[in-house]
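Trainee: Pasting a structure here, questions to come.
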Amino acid sequence: MEYNPRDIESKWRKWWLAQHTYRVSNDPSKPKFYILNMFPYPSGAGLHVGHPLGYIASDIVARYKRQNGFNVLNPMGYDSFGLPAEQYAIQTGIHPAVSTEQNIQRYREQLDNIGFCFDWDREVRTSDPAFYKWTQWIFMKLFEHYYDLNADKALPIAGLIARFDQNGNHGVRAVCDDDAPAFTAADWAAMDDKQRSLLLLKYRLTFPEESYVNWCAALGTVLSNDEVKDGVSERGGHPVERKLMKQWSMRITAYADRLLEGLNEIDWSESIKEQQRNWIGRSQGASVRFAVDGHEGVSIEVFTTRVDTIYGATFMVLAPEHDLVPRLTVPAQHAAVDAYVKWAASRTELERMSEVKRVTGAATGAFAVNPFNGQKIPIYIADYVLAGYGTGAVMAVPSGDQRDWSFATHFRLPIVPISDAQQNLDTAADPTKEGRYINSGMINGMAYDQAEPILVNWLETNGIGKGKVQYKLRNAVFSRQRYWGEPVPAYWNDGVPNLLPEKDLPLVLPAIDKYLPTESGEPPLARADGWRYGPDGMHEYELSTMPGWAGSSWYWYRYMDPQNDREFCSKEAVDYWKCVDWYIGGAEHAVGHLLYSRFWNHFLYDLGLVPEREFAKKLTNQGMIQGRSSLVFRAKECFYEEYLWIKVLQPFFKDYGPMRIPTTKAEETITYDFAFETYDLAIEVVSWKQTDKIEAIRKAAESDGKRLLVLFNEELAECINQHERTAEKINRALLSRERFFMTELEPQVDQLFVSHDLTTKYSADCFSKLHVDISMVADDVLDLEQAAQQQMFQGANFKLNPEGKFVCSFEVEKMSKSKFNVVNPDDMVAQYGADCYRMYEMFLGPIEVSKPWDTKGITGVFGFLRRFWGQFVAENGAWLPTDEAPTRDELRALHTCIKKVTEDIERFSMNTCVSHFMILTNELRTLKCHKRAILEPAVVLLAPFAPHLAEDLWHRLGHETTVCDATWPALNEDFLKTDTVVYPVQINGKHRGNIEVAASAAPAEVEALAMQQEFVRRNLDGAPVKKCIVIPGRIVNIVA
RNA sequence: GCGGGAAUGGCGGAAUGGUAGACGCGCUGGUCUCAAACACCAGUGACUUCACGGUCAUGCGAGUUCGAGUCUCGCUUCCCGCACCA
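Throughout the first sequence, residue numbering follows this note's numbering, covering 1 to 1040 in sequence.
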């Protein structure tokens, strides 16, 4: 009887469901193990083979732990608030909740297909009011607390008020917006309610503030720093500008040091920890106030990590946005300064970042006074000084800092050496701390370690500055001007925010007519009728919603107690499960989700609500499964230092008919009536400069009577929108051609890009069949070959293979719908079964490493499963297992496998586990072993990897309960021992032969036997033996 | 520029300092078949040899060691993250 995964798998999946096999209870009698995957955003594109990688690995660990007696929590849910569903709603008017629900159902189907042991009774969804009630609740707790530096933890704001009542802010050490002026209890008492409220906002852990934020006009919302990559939005790649706006903010900076220290107590990858350390960016230094010449009472504060170089400061630089710039600028410099400020403001982030080396700036005409030597130094403005870091002003020491050196050289400012070790200041600055100070007043002749404390001490005693720690970490912007997110549970009263009473939670997202900002530019929630609080709706609710990371910053607690409507999680549940033992997910969340989650967890810990400071003890980042895309053309023409890449999506295949591309040319309005057009060839242009190459292809195609479709990907489309000149060239190159712009925006991929004169649109689904298998390109390149011969593809990425055919190379890249390289797990499961898919995915390589998917190899794993099955069931359907006693060889094979698999699961090395199973099966086949005593433990070992097959065989072996509860086989080391040992014999480190020796032989005996060997004598060739090393059980090395 | 990681056959990848290339894919040959597919058996790093065998091989160059893919130092290349952070 053949191995038939389809029947086996559907049968046992139903059985597990009926038996509630995967239901988990909070059972304190058993040791707990909490393994967690980062929950997915349910995108409309569904899962591809890369997504379940981590889920499969953790499913194996979960099942393995269960078989080892642990009570295992392995839950799954959905991070179901997010932008794509809202974008889709804007286009279609379909409520995000509806499309999200559909996407979740599809995800669930796909996940169920793979046979995971998730306890679906514990599913959570961040967009479910029963869930986000508690996200809102935690937000309120943050509002009600401040960070006390004496206690070094969050404390209730009520306690702070009590202290203000008694002593004002005297003796209060708390994290606060700015160094608030001292006030007494009487001052405090004299304030009215509004003044008090506004003052308290400076202390609260979440608070609205006016600040520069990343505004993304295309998305119509602000973004946090981690959502902006390379000056454009991470999602969609839209331009981002700095804008002054009133936003809710999270005082994560209060936790900077604890977030840094906590990294030392968790088992996370070094790379993630380093990224977090860099992001927090702690630097130790000093702040120094410089007086301004001729401006009584005005001083400029700078932050420096090298106060020891202060005698070398020959000028000062302010950020163009610095508050004092207008006041300090002398009349003669007004024009120059204004022009520079204006110019600096007009530069995009992208420009500023790409022109780092260019020196620009303007002199204000004012002078600052160096407090140490009274020297007057000119004040400049330049945009190499960032307004957002430190004080937005620096003292410039050209001899010690390369940027200052470049600036000084450009503007011909003096460069004063301050160390006797400094040489060649004509060519570059010397940032080292070597040598003894010169030209440096009170520290002349000293070394760094001696000088630094003296200077800081002098600053502090003279009240001019102090030692200071500065962080790169900014407070996290917590508002989004979007609809599909958690409403902020607050209302406004006379410019002051107030919380709702707790009993009114959850504040449920209201229905609105359109998912767009209002005419006056207010967020979508302003469209909701009666979105107001209080009797007669006196007060307006907050109109922005929470960001995507809100719900994911605490969700792991909800799995512990998912139905609780009185608490976010009961005390008993959290005391039992405590924290996540093993967290698995992508490394792309290094400074977003993983940092915010740690922040919220520290806060919940301060409140005594959770028992552990860190929420995840161990973290593993799975690598990405990449796809392969064909590449025929790669000319080395620079544009933004990239290449011109054209991918042939559909070359001229004999066997493939012409393709039908659905298009619609509707302006603005979206229609789903496709006008079908036929093309013979499609190319995707990823980036370019020389459009004449494309033009050549187009002409060639035209003269062949082929219709050509040109696709641009999203990044390029963005370039086109930004660079008019490029757009013109493209228009010339592709005269009268339709252009199709693609996007990676999820989920409903039909995102639209508008070019100047034509709106086109396609459905990515219609392309899915066009994926080009690389082997087909190699076998059938007739027309391309011709084209190559005609030099059309000069510099093309073709190689002549040994058969004299042109072979197209391919590129390994992210698996994505827009790249036509997606492989769907459903197809794998349908063809080979879930067990096979699971094992093959594990077999590909180490979990942590990114690697390309290659479907071909799956047959090897399928063959293994079939052979494993064949040990139990004969071709004629006969049941093979016998009750014979196993031989030593059989036992050794089994126990070797037990040892290896147990060790390898513990170290998350699933690929080697699969090969151990293959080795065991191959050996049992050679030994013709069908003995129950061997096969039954093998089934238990295999159960975490291939649960369906294992369950089936387990029941055929006569068991009635699930194999999930079968005890993991115990290793008996005795069975690993052999009577004889084969020693490799090396001569001078080179392997020359083997000898077989009784396992009990003493080293001297082994040596004696080795010396007798013919091959040893021959290789020694009469040379005297200096030494003979025998490592018992391992190796013999003869040194001659 | 700074930080983190990696480099092993045609491919994915194995190797507590101890026989480099496990396991699988692919490829080659064989059995079965009218034939093909499937399946099964055997072989498969390169060079060399009729053969036994030998030589060279883990990005490059040194070093430690009886012995190095593995440890140390110095390079090269690639990937990832941060980046005018004072």
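Beta carbons: idealized from backbone N, C-alpha and C, even for Gly.
Only a predicted model underlies this, so the values are computations on that prediction, with no experimental measurement involved.
Can you tell me which residues form a DSSP beta bridge with Gln470?
Mentor: Ser283
Trainee: So, helix, strand or coil for Asn71, using DSSP?
Mentor: strand
Trainee: Between which two residues does the beta strand (DSSP E) holding Leu155 run?
Mentor: First-last of the beta strand (DSSP E) with Leu155: Lys153 to Pro156.
Trainee: How many Å lie between Ala590 and Glu1007 at the Cα?
Mentor: 55 Å
Trainee: Tell whether a beta-carbon distance below 9 Å holds between Tyr583 and Thr620.
Mentor: yes
Trainee: So, helix, strand or coil for Phe603, using DSSP?
Mentor: helix
Trainee: In chain order, what residues of the same chain lie with their CB nearer than 6 Å to the CB of Arg122, ignoring the 5 residues before and after it?
Mentor: Pro75, Tyr559 and Pro562
Trainee: Contact check, Glu9 vs Ala834 under 8 Å by CB: the rounded distance?
Mentor: Ala834 and Glu9 do touch by the CB rule: their CB atoms are close to 5 Å apart, below 8 Å.
Trainee: Among Gln19, Met446, Val72 and Arg480, whose alpha-carbon lies nearest the alpha-carbon of Lys30?
Mentor: Val72
Trainee: Going by beta-carbon coordinates alone, are Gly392 and His322 separated by less than 9 Å?
Mentor: yes
Trainee: Please report how far the alpha carbon of Ala573 lies from the alpha carbon of Asn26, in whole angstroms.
Mentor: C-alpha of Ala573 to C-alpha of Asn26: approximately 7 Å in a straight line.
Trainee: Measure the C-alpha to C-alpha separation of Glu519 and Arg306 and round it to an integer number of angstroms.
Mentor: 51 Å
Trainee: Quick one: what's got a C-beta closer than 7 Å to Asp513's C-beta in the same chain, skipping five residues either side?
Mentor: Arg527
Trainee: For Asp1045, count neighbouring C-beta atoms within 10 Å of its own C-beta (all shown protein chains included) and say buried if the count is 16 or more, exposed if not.
Mentor: Absent from the structure is residue 1045, since the part of the chain shown begins at 1 and ends at 1040.
Trainee: For the candidate residues Gly400, Ala408, Thr921 and Leu425, whose alpha-carbon lies nearest to that of Thr432?
Mentor: Gly400
Trainee: At which residues does the alpha helix (DSSP H) containing His539 begin and terminate?
Mentor: First-last for His539: His539 to Tyr541, but that is the beta strand (DSSP E), not the alpha helix (DSSP H).
Trainee: Hey, out of Pro371, Arg352 and Ala217, whose CA is closest to Arg480's CA?
Mentor: Ala217
Trainee: Between Phe876 and Val914, what straight-line distance do the alpha-carbon atoms span, to the nearest angstrom?
Mentor: First, the residue type needs correcting, since residue 876 is Asn and not Phe in the sequence shown. Using only the alpha carbons, I get a separation of about 28 Å.
Trainee: In angstroms with no decimal places, state the Cα-to-Cα distance between Trp405 and Tyr255.
Mentor: Rounded to the nearest angstrom, the two C-alpha atoms are 35 Å apart.
Trainee: Starting from Phe118, follow the alpha helix (DSSP H) in both directions and report where the run begins and ends.
Mentor: Note, Phe118: premise wrong, no alpha helix (DSSP H); not H, not E.
Trainee: For the alpha helix (DSSP H) containing Met1, list its first residue and its last residue.
Mentor: Met1: not part of any alpha helix (DSSP H); DSSP gives it neither H nor E.
Trainee: The beta strand (DSSP E) with Phe33 in it runs from where to where?
Mentor: Lys32 to Asn37
Trainee: How far does the beta strand (DSSP E) with Gly993 in it reach, from first residue to last?
Mentor: Lys990 to Ala998
Trainee: Going by Cα to Cα distance, which pick from Tyr605, Ala830 and Val341 is closest to Asp1042?
Mentor: This structure cannot settle anything about residue 1042, because the visible part of the chain is limited to 1 through 1040.
Trainee: Going by DSSP, name the residue or residues bridged to His145.
Mentor: Pro156
Trainee: Which residue marks the beginning of the alpha helix (DSSP H) containing Leu500, and which one marks its end?
Mentor: No alpha helix (DSSP H) contains Leu500, which DSSP labels as neither H nor E.
Trainee: Under the three-state reduction of DSSP, which class applies to Glu170: helix, strand or coil?
Mentor: Reading off the sequence shown, one finds His at residue 170, where the question assumed Glu. DSSP places His170 in coil when its eight states are reduced to three.
Trainee: Under a Cβ-count criterion, where at least 16 other Cβ atoms within 10 Å of its own Cβ denotes burial, should Met538 be classed as buried or exposed?
Mentor: exposed
Trainee: One question on the structure: do Asn444 and Val416 come within less than 9 Å of each other, judged by their Cβ atoms?
Mentor: no
Trainee: In terms of alpha-carbon separation, which member of Asp226, Thr221 and Pro489 lies closest to Phe143?
Mentor: Answer by Cα proximity: Pro489.
Trainee: Classify Leu386 as buried or exposed, calling it buried when 16 or more other Cβ atoms lie within 10 Å of its own Cβ.
Mentor: exposed
Trainee: Quick check on the burial criterion: 16 or more other C-beta atoms within 10 angstroms. Buried or exposed for Glu210?
Mentor: Around the beta carbon of Glu210, fewer than 16 other beta carbons lie within 10 angstroms, which makes this residue exposed.
Trainee: Can you name the start and end residues of the beta strand (DSSP E) that Ala363 belongs to?
Mentor: Ala362 to Val369
Trainee: Restricting to Cα atoms, I'd like to know which of Pro547, Met815 and Asp581 is closest to Asn225.
Mentor: Pro547
Trainee: Measuring CB to CB, does Met910 end up less than 9 Å from Ala162?
Mentor: no
Trainee: For Glu460 and Glu261, I'd like the C-alpha separation in whole angstroms.
Mentor: 27 Å
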